[in-house]
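Below is one structure, written out as structure tokens; comments come after it.
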Amino acid sequence: MKSFLAWMGTAATLTFNVPVVGGQNDPRLDSLFIALKETPDPNEAAQIEAGIWALWGLSGDEGIDQLMTIGIGAMGAQDGETALIAFNEIISKLPGYAEVWNKRATLFYLAGEHELSIADIKKTLVLEPRHFGAISGLGLVYMAVGREREALDAFERALEIHPHMEGAKTHIRELRNIVKGRGI
């Protein structure tokens, strides 16, 4: 709880002293990642994770944020065409925004376009190497294409950044058994 309270103090200070940057370049992310790694409390970790996702979701441009809302909504409604149009437009306008690459990678994964998903995840990670969601997503893509060793590596890497990812822990246990059984 101490780390979360410390982060809240930092966030409050930054809220009033630093213009909202949003995305992977927001200065508040550093303290959030430290708090995420240090907290032993899963509930606190969930709150910190939500803060990280909230900052990643802000581009710093109201028009881009509106397009993201459209793309995410379309993806949730299984309207891949509209989602892809929105994400592509954002990428053309703001190619340095990591979260749009991550969202498009998710869209490609859901469409079974695994190589396109991997390419977008790699772009996400160039822009935000700490993106535990993208790294975990990479693990899911690798599982889907039978690349268990690489999937295991991805989930382990995600867990190094976000030690409370229960899904990653479950996949690691499963994949270790598969990899061990195959001698990979």
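When the letters of the sequence shown are read in order and numbered with numbering that gives the first Met the number 0, they come out as residues 0 to 183.
Every residue, glycine too, gets a C-beta built ideally from N, C-alpha and C.
For leucine 106 against methionine 142, the beta-carbon gap comes to about 18 Å, at or over 8 Å, which does not count as contact. By the C-beta density criterion, serine 91 is exposed, having fewer than 16 other C-beta atoms within 10 angstroms. Valine 140 counts as buried, since at least 16 other C-beta atoms from the protein chains shown sit within 10 angstroms of its C-beta. For methionine 142, the enclosing alpha helix (DSSP H) stretches over residues 131-143.
Excluding five sequence positions before and after lysine 179, none of the CB atoms of its chain fall closer than 7 Å to its own CB. When the alpha-carbon of alanine 85 is set against those of Tyr96, Gln77, Ala97 and Gln65, the nearest one is in Gln65.
Aspartate 152: member of the alpha helix (DSSP H) spanning 147-160, first to last residue. A straight line joining the alpha-carbon of alanine 104 with that of glutamate 88 spans about 15 Å. Where asparagine 176 is concerned, the enclosing alpha helix (DSSP H) starts and stops at 165-181. When the beta-carbon positions are compared, glycine 21 and leucine 57 come within less than 7 Å of each other. Excluding its 5 nearest sequence neighbours in each direction, threonine 123 has C-beta neighbours in its own chain below 7 Å: Ala97, Trp100, Asn101, Ala104, His130 and Ala133, listed in chain order.
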